[in-house]
Ligand SMILES: NC(=O)c1ccc[n+]([C@@H]2O[C@H](COP(=O)([O-])OP(=O)(O)OC[C@H]3O[C@@H](n4cnc5c(N)ncnc54)[C@H](OP(=O)(O)O)[C@@H]3O)[C@@H](O)[C@H]2O)c1
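Numbering (this note's numbering), first residue to last: 25 to 360.
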């Protein structure tokens, strides 16, 4: 299948207009099915998706090994088109705990050496620290990745969840392909200063949480049973009255989707796609069924009247609850 394409910034790779976010296949959204996960990666590549996003800390290497397995067993042509986007820097422990970030140059070199092995590739297409390490200037972390680019271990440098000042400092150090950051109908914080900054500097956006982790997918219900460790069991937007309020917003979206003959998830993804050619939404599908639905968004065009109706149904700032618990919000340079 031929999918529309977009380029990640002025220096980044050309990719299908949506990427596949693989995190949920290993972590944070409860049980997942390994065979179905691999089949979903294969189906995505077969459909023309190219960008596969992961983090070395998603279940401590599990997600990279899963992608490695999927790449090894994919047809050679699909494997050749695949682009890997890897986040590093988060420190874990054997019990799954989190203990900060490490962006020191020697840590960057260490992280990438392991990622290349787990993925079974000879280079990573886009490499980025997941969160700014407050103890290491961004110039040092980005400078270390730039050396990996020179050596051929990495092709492009990305950023994740950082604010305008850090973006400028990073871009002054080396070419940056894209900023990975949450962006959806109910997470529009980047519109004020971050998006104008990336546009000024020719940096693309890989948008995550376009379905707000399933909340605005149209499939999430109040009685959903969550397993321990599921992000949604502690995310403010999924709790009590916040959840009630946010699901009411989804019902407003559902009316628009039904009128158009598409699904709520497709409206939410199509809205992000409509915000500019510099934005590539990452789809967090964990099954082929969800993937098919998400890819259907590429056929959904929203005209001005429909966009206005969507904006009226879910105005900027309409969501109840922050996008992360307070302790995790504190790690977001993008929220300062
Ligand atoms: N840079 C960062 O800080 C950061 C943070 C988080 C994520 N990410 C990356 O961004 C990717 C996407 O984020 P996300 O997984 O939170 O995104 P998302 O697309 O907002 O949420 C994915 C969840 O939505 C539900 N869903 C319902 N219908 C769907 C459909 N048609 N297609 C896809 N999902 C559907 C699924 O939950 P069920 O399967 O439970 O139904 C799925 O697990 C991640 O995989 C990761 O690679 C980056």
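Backbone N, C-alpha and C define an ideal beta-carbon position, used for all residues, glycine too.
| query | Do residue 193 and residue 162 have their CB atoms nearer than 8 Å? | reply | If you number the chain shown from 1, residue 193 lands on position 169. If you number the chain shown from 1, residue 162 lands on position 138. Contact flag set, yes.
| Cβ-Cβ separation, residue 274 to residue 288 (assumed contact under 8 Å), whole Å | Within the chain shown, numbered from 1, the residue matching residue 288 stands at position 264. Within the chain shown, numbered from 1, the residue matching residue 274 stands at position 250. Approximately 6 Å separates the beta-carbon atoms of residue 288 and residue 274; this is inside 8 Å, confirming the contact.
| First and last residue of the uninterrupted beta strand (DSSP E) at residue 109 | Reading the chain shown from its first residue, position 85 is the one you call residue 109. Unbroken beta strand (DSSP E) run through residue 109: 107–112.
| Under 7 Å from any heavy atom of ligand 1, does the C-beta of residue 185 make it? | The residue you call residue 185 lines up with position 161 of the chain shown. True, at least one ligand heavy atom lies under 7 Å from that Cβ.
| request: Would you give the residue range spanned by the alpha helix (DSSP H) that residue 143 belongs to? | output: The count along the chain shown starts at 1 and reaches residue 143 at position 119. Run containing residue 143: 129–143, per the alpha helix (DSSP H) assignment.
| field | Residues near residue 3 by beta carbon distance below 7 Å, same chain, minus five either side | value | No answer is possible for residue 3: the residues shown for the chain start at 25 and end at 360.
| query | Taking 8 Å as the CB-CB limit, is residue 290 close to chain D? | reply | Among the chains in the structure shown there is no chain D, since it carries only a single protein chain.
| query | Is residue 90 near ligand 1, with its Cβ less than 7 Å from a heavy atom? | reply | By one-based count along the chain shown, residue 90 stands at place 66. Residue 90: no, Cβ never under 7 Å from ligand 1.
| message | To the nearest angstrom, how far is the alpha carbon of residue 248 from that of residue 278? | response | Translated into positions along the chain shown, residue 248 becomes position 224. Translated into positions along the chain shown, residue 278 becomes position 254. If you take the alpha carbons of residue 248 and residue 278, they lie about 19 Å apart.
| query | Which residues in the same chain as residue 228 place their Cβ atom closer than 8 Å to its Cβ, once the five residues preceding and following it in sequence are excluded? | reply | Position 204 of the chain shown, counting from 1, holds the residue named residue 228. Annotation for residue 228: 30, 31, 32, 33, 36, 201, 202, 203, 222, 302, 303, 304 place their beta carbon closer than 8 Å to its own, counting only its chain and skipping 5 residues before and after.
| query | When you compare each of 106, 354, 50, 39 to residue 309 by their alpha carbons, which one comes out closest? | reply | What you label residue 309 is simply residue 285 of the chain shown in a count that begins at 1. Taking residue 309 as reference, the option from 106, 354, 50, 39 with the minimal CA-CA separation is 50.
| query | So, is residue 26 buried or exposed, given that buried needs 16 or more other C-beta atoms within 10 angstroms? | reply | On the chain shown, residue 26 is found 2 positions in, with the first residue counted as 1. By the beta-carbon neighbour count (other beta carbons within 10 angstroms, threshold 16), residue 26 is exposed.
| Straight-line gap, residue 294 to residue 307 (C-alpha atoms, nearest Å) | As a working mapping, residue 294 is identified with position 270 in the chain shown. As a working mapping, residue 307 is identified with position 283 in the chain shown. Approximately 12 Å, taken between the alpha carbons.
| task | Go ahead and pull the three-state DSSP assignment for residue 34. | result | Here the question's residue 34 lines up with position 10 in the chain shown. Coil, per DSSP.
| query | Does DSSP put residue 249 in a helix, in a strand, or in coil? | reply | Your numbering for residue 249 matches position 225 in the chain shown. Of the three classes helix, strand and coil, the one that applies to residue 249 here is coil, per DSSP.
| said: By the three-class DSSP mapping on this structure, what secondary structure does residue 340 have? | reply: What you label residue 340 is simply residue 316 of the chain shown in a count that begins at 1. Coil.
| field | Buried or exposed (CB count within 10 angstroms, at least 16 for buried), residue 115 | value | The residue labelled residue 115 in the question sits at position 91 within the chain shown. Burial is judged here by how many other beta carbons sit within 10 angstroms of a residue's own beta carbon; residue 115 has fewer than 16 and is exposed.
| request: Label residue 104 either buried or exposed according to how many other C-beta atoms from any shown protein chain fall within 10 Å of its C-beta, with 16 as the threshold for buried. | output: On the chain shown, residue 104 is found 80 positions in, with the first residue counted as 1. Here residue 104 is exposed. Its C-beta has fewer than 16 other C-beta atoms within 10 Å.
| task | Would you check if the stretch 167–178 and the stretch 125–140 touch, i.e. whether three or more CB-CB distances between them fall below 8 Å? | result | Short answer: they touch.
| Does the distance from the C-beta atom of residue 155 to that of residue 123 stay below 8 Å? | Translated into positions along the chain shown, residue 155 becomes position 131. Translated into positions along the chain shown, residue 123 becomes position 99. With respect to residue 123, residue 155 sits apart: the two C-beta atoms are not nearer than 8 Å.
| said: Which residue wins for smallest C-alpha separation from residue 209, given the options 197, 335, 147? | reply: Within the chain shown, residue 209 is the residue found at index 185, counting from 1. Residue 335 is the option with its Cα nearest to residue 209.
| What residue from 157, 299, 165 has the CA that sits closest to residue 207's CA? | Residue mapping note: residue 207 aligns to position 183 of the chain shown, counting from 1. Per the Cα distances, 299.
| Residues that DSSP places opposite residue 305 in a beta bridge | The residue labelled residue 305 in the question sits at position 281 within the chain shown. Its beta-bridge partners are 231.
| request: Using the Cα positions of residue 148 and residue 182, report the straight-line distance between them to the nearest angstrom. | output: Sequence index remark: in the chain shown, residue 148 carries index 124 (1-based). Sequence index remark: in the chain shown, residue 182 carries index 158 (1-based). Between residue 148 and residue 182, the C-alpha separation is close to 11 Å.
| task | Within its chain, find whatever has a CB closer than 7 Å to the CB of residue 282; leave out the 5 residues flanking it on each side and keep chain order. | result | Along the chain shown, read from residue 1 onward, the residue named residue 282 stands at position 258. Once the five neighbours on either side are set aside, residue 282 has no close Cβ partner at all.
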